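Sequence order for the protein chains is A and B. Residue numbering for the first sequence is 345 to 562, as defined by my numbering. Residue numbering for the second sequence is 345 to 562, as defined by my numbering. Cβ atoms here follow ideal geometry from the backbone N, Cα and C, with glycine treated the same way. Please read all numbers here as calculations on a predicted model, not as lab measurements. Notes follow once the structure below has been shown.
Protein chains: 2
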Amino acid sequence: MAIFDDELRNLKAKALKLSSMVEASIRRSVRSLVQRNSDLAREVIKNDHQINALEVEIDEECIRLIALRQPKAGDLRFITMVMKITTDLERIGDLAEDISERAIELNEEPPLKPYIDIPRMAEIAEGMLRDSLESLIKKDTKLAMDVIGRDDEVDNLNLQVFNELLLFMIEEPKNISRATRITYISKYLERIADHATNIAEMVIYMVEGKIIRHMKTT
Amino acid sequence: MAIFDDELRNLKAKALKLSSMVEASIRRSVRSLVQRNSDLAREVIKNDHQINALEVEIDEECIRLIALRQPKAGDLRFITMVMKITTDLERIGDLAEDISERAIELNEEPPLKPYIDIPRMAEIAEGMLRDSLESLIKKDTKLAMDVIGRDDEVDNLNLQVFNELLLFMIEEPKNISRATRITYISKYLERIADHATNIAEMVIYMVEGKIIRHMKTT
């Protein structure tokens, strides 16, 4: 089945493309915040429909492959998993859009404080996303476990951001509206890391048949 | 294929069961908040693994049906869609768990104000979830469109809750920690409605082949 092998390779390439589009959206949305450049955020919002379109295209390709090639157990499991993962990727795209909306709002007001933990969280979350996809493509459960392990770091940073901004709000009521928006962004990033963790958990389940559910701390 | 018909019916029943378990979790988590009864919240958290287990069971059944019965186009589309929807349902279960955690925290402090919009949001979101599943089972695109239409109502309530609590925070800094937690719960409910909307959009795509993406307002 040389054609089917090509088709599978092509499917993997498309899944990686979707993932890198989503990663670029996260990066751009956070850069828009840090550099106070709302044009970047508007670009993320404008490009989201491309992510949605690629999700549909990949799902259609999966259904076509299943119907036409009647893949055996391992390949079937992989293809159905790609269909589940596109949902996560599309949702991450939505979260990057949410970050962009909050960034535009925040960029219209004077800066509250320099952003330090937020870019750090974004960096970890992006790395988790990238590695969760790599673990899928290479069926690498060790890498998938590593992704799951990093989720706590993001959860802790989210808690730290929340506590720090709470103090800002208590100190000075006029900070509240901005501080709340920043806690939202922190929460969006934490949720992006959750999606990457979900993907990694599914990879482990696909390869080893073991169910791993991370303990949520927030 | 009388056996296959039975199997499909059985799959639908399981999807509905998962959905009603998730609905019960939402209801219980919000009741825990309103009635200040943390035992209910702890029950939701304790039962979440049952939701996760049923998600995996349904996915396994889907893969088995695809591999064994090699379903034709329409059925294949339905079965793969069930696999995508279980992800949404499981995430809604996680959000009910998030609500429960915030409820436990809030129940430990004196009440800030009576909850009015939150139960209203929960009621709408639950209805959307129930109807999105019914639209899937009956392939009823009219009902699916109706679900999508109700999402704005939840978005508006979320915005209203946010603005109202912002005033509470500005007025009195000691309200901030509690008020922020309530805005989180409002955001979780808004996200539950988003998941129901996603399910409804997928139903329309499955039946009509048309892509509908709702405009996100928050």
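Please list the partners that residue i has in chain D, where partner means a Cβ-to-Cβ separation under 9 Å.
{"i": "K428(B)", "result": "The displayed structure is made up of protein chains A and B, and chain D is not among them."}
Can you have a look at residue i and say buried or exposed, based on whether 16 or more other CB atoms are within 10 angstroms of its CB?
{"i": "E367(B)", "result": "buried"}
{"i": "S364(B)", "result": "exposed"}
{"i": "P455(B)", "result": "exposed"}
{"i": "H393(B)", "result": "exposed"}
{"i": "D350(A)", "result": "exposed"}
{"i": "G437(A)", "result": "buried"}
{"i": "A385(A)", "result": "buried"}
{"i": "E470(B)", "result": "buried"}
{"i": "L412(B)", "result": "exposed"}
{"i": "P458(B)", "result": "exposed"}
{"i": "L511(A)", "result": "exposed"}
{"i": "D383(A)", "result": "exposed"}
{"i": "E453(A)", "result": "exposed"}
{"i": "E515(B)", "result": "exposed"}
{"i": "I370(B)", "result": "buried"}
{"i": "I548(A)", "result": "buried"}
Counting only beta-carbon atoms, is residue i nearer than 9 Å to chain A?
{"i": "R386(B)", "result": "no"}
{"i": "I410(B)", "result": "yes"}
{"i": "F506(B)", "result": "yes"}
{"i": "I448(B)", "result": "no"}
{"i": "R421(B)", "result": "yes"}
{"i": "K482(B)", "result": "no"}
{"i": "Y528(B)", "result": "yes"}
{"i": "L510(B)", "result": "yes"}
{"i": "S369(B)", "result": "no"}
{"i": "S521(B)", "result": "yes"}
So, for residue i: in the same chain, excluding its five sequence neighbours on each side, which residues have a beta-carbon less than 6 Å away from its beta-carbon?
{"i": "M550(A)", "result": "R421, M425"}
{"i": "L398(A)", "result": "L362"}
{"i": "A359(A)", "result": "V426"}
{"i": "R446(A)", "result": "R525, Y528, I529"}
{"i": "M513(B)", "result": "N519, I520, A523"}
{"i": "M472(B)", "result": "V491, R494, A537, A540"}
{"i": "N451(A)", "result": "R380, S382"}
Taking 9 Å as the threshold (beta carbon to beta carbon), is residue i in contact with chain B?
{"i": "I548(A)", "result": "no"}
{"i": "K518(A)", "result": "yes"}
{"i": "L377(A)", "result": "no"}
{"i": "K531(A)", "result": "yes"}
{"i": "I407(A)", "result": "yes"}
{"i": "I462(A)", "result": "no"}
{"i": "N542(A)", "result": "yes"}
{"i": "M513(A)", "result": "yes"}
{"i": "N354(A)", "result": "no"}
{"i": "K416(A)", "result": "yes"}
{"i": "T485(A)", "result": "no"}
{"i": "V400(A)", "result": "yes"}
{"i": "S382(A)", "result": "no"}
{"i": "E552(A)", "result": "no"}
{"i": "S444(A)", "result": "no"}
{"i": "L360(A)", "result": "no"}
Can you find the residues in the same chain that come closer than 8 Å, C-beta to C-beta, to residue i, ignoring five residues on each side of it along the sequence?
{"i": "E552(B)", "result": "T485"}
{"i": "R535(B)", "result": "L439"}
{"i": "E449(A)", "result": "R525"}
{"i": "I402(B)", "result": "L355, K358, A359, L362, V426, M427, T430"}
{"i": "N396(A)", "result": "E434, G437"}
{"i": "C406(A)", "result": "L355, I423, T424, V426, M427"}
Which residues in the same chain have their Cβ closer than 7 Å to the Cβ of residue i, if we skip the five residues on either side of it in sequence?
{"i": "R464(A)", "result": "L501"}
{"i": "A509(A)", "result": "Correcting the residue identity first, residue 509(A) is Leu in this sequence and not Ala. Excluding residues within five positions, the ones whose Cβ falls inside 7 Å are A523, I526, T527."}
{"i": "A544(B)", "result": "S476, S479, A488, V491, I492"}
{"i": "N530(B)", "result": "First, the amino acid is wrong: residue 530(B) is Ser here, not Asn. So the list reads I462, M465, N502, V505, F506, once near-sequence residues are dropped."}
{"i": "H539(A)", "result": "D432, R435, I436"}
{"i": "S444(B)", "result": "S373, S376, A385, V388, I389"}
- Query: Fully enclosed by the region 349 to 380 of chain B, which beta strand (DSSP E) runs are 3 residues long or longer?
  - Reply: Counting only runs of 3+ residues, no beta strand (DSSP E) is found wholly inside the region 349 to 380 of chain B.
Run through the region 488 to 514 of chain B for me and flag every whole alpha helix (DSSP H) of 4 or more residues, listed as ranges in chain order.
Fully enclosed alpha helix (DSSP H) runs of 4 or longer: not present.
Item to check | Completely contained alpha helix (DSSP H) runs for the region 383 to 467 of chain A, where each covers 4 or more residues | outcome: Segments of the alpha helix (DSSP H) lying fully in the region 383 to 467 of chain A: 417 to 451.
My parser needs the alpha helix (DSSP H) runs of 4 or more residues fully inside the region 510 to 555 of chain A; what are they? Inside the region 510 to 555 of chain A, DSSP marks whole alpha helix (DSSP H) runs of 4 or more residues at positions 520 to 552, from first to last along the chain.
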